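Engineer: Quick one: the structure is below, and I'll ask about it shortly.
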């Protein structure tokens with residue numbers, strides 16, 4: 004038995020095989036299937052979560068080693084159930100097609116904008132270059148990130 | 198194109214209405230098939246052959262059954278019904294029994310209490326193989342020198358096209374060989390399904406990510422030996438498809454394990470298994486010879502095209518028909534000699550992928566058009582304008598082009614789009630070839646521009662009636678739609694709502710689950726669902742509207758033919774009556790179902806003549822690339838495109854299709870290839886199979902050409918496939934211009950640029 008802190012909630016993980024990835028435990032044991040798996044080797048970013056302030060691929064993290072970490076998944080970005088600014092921007096700017104890469108991208112973009120509220124085009128591209136999207140060709144995803152960035156900037160200017 | 202600011206008023210047709218699954222998807226609440234879960238479910242897993250060709254001497258499953266937590270192991274002898282399946286020919290075994298024909302072919306499946314237990318069980322199955330020499334060269338399959346590797350033979354289909362003077366020789370003749378590598382659909386959401394056995398044990402319910410529920414249902418029921426109504430399918434959320442989910446993968450295995458164990462079974466592939474578990478784009482070798490007058494007028498095309506279908510037929514015969522019938526490209530051409538083969542080999546099976554045979558044909562014909570331009574002293578734009586096909590022209594199949602055919606406009610509007618700024622003297626390394634690797638030197642970078650133009654058929658061909666069904670119910674001002682159209686990411690769910698809002702004047706449109714509870718919608722492929730399922734939803738909504746108008750007319754004593762929908766009101770076009778749809782339908786329910794069929798098509802005759810296609814769409818691409826000529830690295834800077842779309846029904850969704858298709862065509866041009874070595878895949882992972890990332894994405898500038906298509910129910914052509922077709926040859930042409938190399942294969946590799 005071990006414990007994980009996910010989205011501010013303390014979870015008990017019982018009877019788990021020690022080799023399970025954080026991705027598997029989130030999805031199959033903690034009832035948090037929002038985090039997706041698509042490559043199992045840290046190439047596609049679908050499983051991105053934030054662990055102690057760093058964006059990581061949860062498929063590469065052994066769950067049992069994450070016991071002392073503060074973990075945030077896509078389900079934990081908004082505590083009241085309302086979409087966040089980034090989530091709303093992705094829908095409005097057309098950044099969502101099949102949606103499989105979306106949760107990982109949403110987490111990655113939140114992480115980007117929290118660290119750097121003013122990323123230029125190249126900084127945005129670099130920040131999400133570890134998140135593969137097969138549907139959109141990225142154009143509307145860039146637009147979504149720029150929309151969220153500009154809205155935050157406008158809020159701050161007020 | 199500033200899609201996000203266009204009107205969203207009411208979310209009617211023509212607006213960038215937002216997709217109803219958008220918020221659940223961004224919040225991680227949308228249930229993909231891999232998220233399906235049931236109490237007491239077991240995990241299924243598949244044992245696959247490590248050999249591309251081998252005889253199975255024996256299979257011993259006792260070691261697997263002895264493992265604690267393993268509930269079932271099944272092999273070919275446990276298949277209760279038909280032992281094979283397939284989209285066109287039923288030639289692929291559910292499990293290999295006597296012989297395996299490709300590396301990765303399923304041999305057995307297990308059900309266990311944990312994915313890791315299932316993996317251990319697979320390891321414990323002993324299969325004794327007698328390894329056979331694999332047939333891996335398509336020409337060996339054609340030559341007849343290799344013993345048939347399948348009872349259906351080594352040639353899946355041969356089709357010729359013979360038209361006009363077969364001895365004609367042009368003033369100008371150009372020729373070449375062209376090769377296309379094996380591309381993977383690489384949808385992000387891996388194959389996954391959950392099968393639930395009936396309480397009575399007689400049937401099964403399957404939640405699955407697929408492109409065509411009813412075709413899956415038919416094939417699964419046959420293999421399970423069940424009546425079709427005992428197999429019910431509901432679409433699990435689909436994480437992309439691009440053709441790769443048209444064939445059966447884990448469906449039969451998952452259902453059979455559920456019926457065998459009496460427990461819910463979850464199956465999902467990992468990425469490596471996904472490369473083995475679905476079909477790929479056909480690798481192709483094409484010879485082409487173009488004959489033209491001295492002024493560049495195209496007169497005759499000769500072509501020989503060989504598609505390697507791999508071990509099983511899948512849709513190879515239809516892919517071949519697309520390839521041979523599109524060899525002329527979007528150009529007028531009166532004479533043709535085309536010979537095409539789709540062959541069987543011990544390579545991985547190939548089938549549908551976005552572009553479906555036309556991608557391969559286009560790389561060859563567009564490379565040829567550039568050669569022809571050079572030989573005639575014309576530039577790439579002028580040779581294409583000179584030969585641009587028009588409505589009324591006759592194709593090399595004898596079929597008259599009766600679709601709207603704005604080829605010339607596609608080219609001219611693409612040419613009018615702005616070119617990118619020149620590369621600065623001291624660019625950010627991320628903007629140049631090699632990117633963050635910091636390998637390229639500014640001084641070694643050369644810029645090139647290239648062109649590609651294409652024609653693509655829409656819907657299924659050769660007599661296939663791929664109809665679509667939809668149902669509409671209107672009650673108390675709310676419309677409810679039902680259809681079996683697979684939503685794979687393209688956005689049919691929002692389009693269906695837009696249609697209902699427009700036709701019925703409602704604001705709220707609910708969607709029933711996508712399942713086999715209603716008639717077939719056909720496949721989400723062939724750029725067909727906007728036209729076909731869109732036509733079905735439109736038809737069902739119109740039938741309901743007629744009933745509504747009859748009711749309003751009777752209530753208000755007016756002629757129903759005078760009634761129209763205006764916004765959310767029913768209005769008497771010749772009087773003063775105006776009543777909201779909500780009021781007019783209060784306390785009532787109108788319920789109608791409609792099937793949309795496209796016009797009939799014909800099979801090709803032995804000379805490749807016949808009206809085999811329904812309709813066509815066109816597109817032009819201009820690519821700008823920067824190439825590090827010393828290292829052979831390429832950065833695609835910009836792609837400009839003008840696409841013939843008929844009518845834009847949702848600007849934001851249309852733009853997403855265009856940009857997404859371009860990225861996939863870029864992948865084929867310079868990155869993506871399944872590398873085979875004697876029938877074995879060398880790179881079945883996202884580490885070794887390279888996909889375009891955000892830093893590889895070019896700037897895309899788009900012009901949508903809206904000339905409504907009279908044949909199409911909504912005036913709109915399918916837009917999914919054209920974006921990925923001619924962008925590939927455009928990028929390669931740009932690299933040729935930058936390097937002076939011949940570059941006759943895709944993907945273009947650094948070695949091809951440096952040493953080619």
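Residue numbers (the numbering used here), protein chains in the order written: chain B, 4 to 161; chain F, 198 to 953.
Quick reminder that beta carbons are idealized off the backbone N, C-alpha and C, glycines included.
Values in this document were obtained by computation on a predicted structure and should not be read as measured data.
(1) Once you ignore the five residues that flank residue 797/F on each side, which residues in its own chain have a CB closer than 8 Å to its CB?
(2) Along chain F, which residues have their Cβ under 9 Å away from the Cβ of residue 6/B?
(3) Report the residue from 304/F, 375/F, 299/F, 381/F whose alpha carbon sits nearest the alpha carbon of residue 346/F.
(4) Less than 8 Å between C-beta atoms, sequence neighbours within five positions excluded: which residues of the same chain meet that for residue 205/F?
(5) What is the rounded straight-line gap between the Cα of residue 485/F and the Cα of residue 573/F?
(6) Measure the alpha-carbon distance for residue 350/F versus residue 746/F and round it to whole angstroms.
(7) I need the straight-line Cα distance from residue 450/F to residue 808/F, nearest angstrom please.
(8) Apart from the five residues on each side of it in sequence, which residues of its chain come closer than 6 Å, Cβ to Cβ, to residue 870/F?
(9) Decide if residue 199/F is buried, meaning its Cβ has at least 16 other Cβ atoms within 10 Å, or exposed.
(10) Could you give the residue range of the beta strand (DSSP E) that holds residue 787/F?
(11) Identify the continuous alpha helix (DSSP H) that holds residue 608/F and give its terminal residues.
(12) Any Cβ of chain F within less than 8 Å of the Cβ of residue 142/B?
(13) Here's the rule I'm using: 16 or more other beta-carbon atoms within 10 Å means buried, otherwise exposed. How should residue 584/F be labelled?
(14) Find the nearest neighbour of residue 332/F within the set 874/F, 500/F, 375/F, judged by alpha-carbon distance.
(15) Residues of chain B with CB under 7 Å from residue 232/F, in chain order?
(16) Going by other Cβ atoms of all chains shown within 10 Å of its Cβ, with 16 needed for buried, is residue 589/F buried or exposed?
(17) Determine the closest residue to residue 520/F out of 695/F, 653/F, 256/F, with distance taken between C-alpha atoms.
(18) With 16 as the cutoff for other CB atoms within 10 Å, does residue 409/F come out buried or exposed?
(19) Since residue 650/F contacts residue 607/F with CB under 8 Å, what's their CB separation in whole angstroms?
(20) Following the continuous alpha helix (DSSP H) through residue 420/F, name the residue where it begins and the one where it ends.
(21) So the candidates are 376/F, 405/F, 220/F, 881/F; which of them puts its Cα closest to the Cα of residue 233/F?
(22) Give me, in chain order, the residues of the same chain whose beta-carbon lies closer than 8 Å to that of residue 800/F; leave out the 5 immediate sequence neighbours on both sides.
(23) Which residues mark the beginning and the end of the alpha helix (DSSP H) in which residue 135/B is found?
(24) Have a look at 524/F, 245/F, 503/F, 523/F and flag the residue whose alpha-carbon is nearest the alpha-carbon of residue 540/F.
(25) By Cβ distance, which residues of its chain are closer than 6 Å to residue 602/F, with the 5 residues on each side in sequence left out?
(26) Tell me the rounded alpha-carbon separation between residue 938/F and residue 856/F.
(27) In the DSSP assignment, find the alpha helix (DSSP H) that holds residue 584/F and state where it starts and stops.
(28) How many Å lie between residue 894/F and residue 681/F at the Cα?
(29) By how many angstroms is the C-alpha of residue 753/F removed from the C-alpha of residue 780/F?
(30) At which residues does the beta strand (DSSP E) containing residue 247/F begin and terminate?
(31) Return the CA-CA distance between residue 469/F and residue 762/F, expressed in angstroms with no decimal places.
(32) Assess contact between the region 452-459 of chain F and the region 216-236 of chain F, defined as three or more Cβ pairs (one per stretch) separated by less than 8 Å. Is contact present?
(33) Rank 593/F, 288/F, 304/F, 844/F by C-alpha distance to the C-alpha of residue 990/F and give the top, closest one.
(34) What does residue 354/F pair with, by DSSP beta-bridge criteria?
(35) Please list the terminal residues of the continuous beta strand (DSSP E) segment that includes residue 775/F.
(36) On the three-state DSSP scale, how would you describe residue 828/F?
Structural biologist: This is what the structure holds:
(1) Within its own chain, the residues whose Cβ lies closer than 8 Å to the Cβ of residue 797/F, once the five positions on either side in sequence are excluded, are 660, 662, listed in chain order.
(2) Within 9 Å Cβ-Cβ: nothing; residue 6/B doesn't reach chain F, min ~21 Å.
(3) 299/F
(4) Annotation note: pLDDT 47 at residue 205/F (below 50); position unreliable, coordinate value reported separately. Cβ within range, chain order: 212, 213, 214, 215.
(5) 17 Å
(6) Here the alpha carbons of residue 746/F and residue 350/F stand approximately 59 Å from one another.
(7) 39 Å
(8) 378, 944
(9) Only weak support is given to the placement of residue 199/F: the predicted model assigns it a pLDDT of 40, under 50, and the question is left unresolved by the model.
(10) 786-793
(11) 604-613
(12) yes
(13) buried
(14) 874/F
(15) Within chain B, the residues near residue 232/F are 36.
(16) exposed
(17) For residue 520/F, the closest C-alpha among the options 695/F, 653/F, 256/F is that of 653/F.
(18) buried
(19) With a Cβ gap of about 7 Å, residue 650/F and residue 607/F count as contacting.
(20) 410-421
(21) 405/F
(22) 659, 660, 807, 809
(23) That residue, residue 135/B, is in no alpha helix (DSSP H); it is neither H nor E in DSSP.
(24) 503/F
(25) 586, 587, 588
(26) 28 Å
(27) 577-584
(28) 33 Å
(29) Per the coordinates, the alpha-carbon of residue 780/F lies some 13 Å from the alpha-carbon of residue 753/F.
(30) Going by DSSP, residue 247/F is part of no beta strand (DSSP E) at all; its letter is neither H nor E.
(31) Each residue's alpha carbon lies about 53 Å from the other.
(32) no
(33) Because chain F spans 198 through 953 in this model, residue 990/F falls outside it and cannot be assessed.
(34) Beta-bridge pairing links residue 354/F to 539/F.
(35) Residues 775-777.
(36) coil
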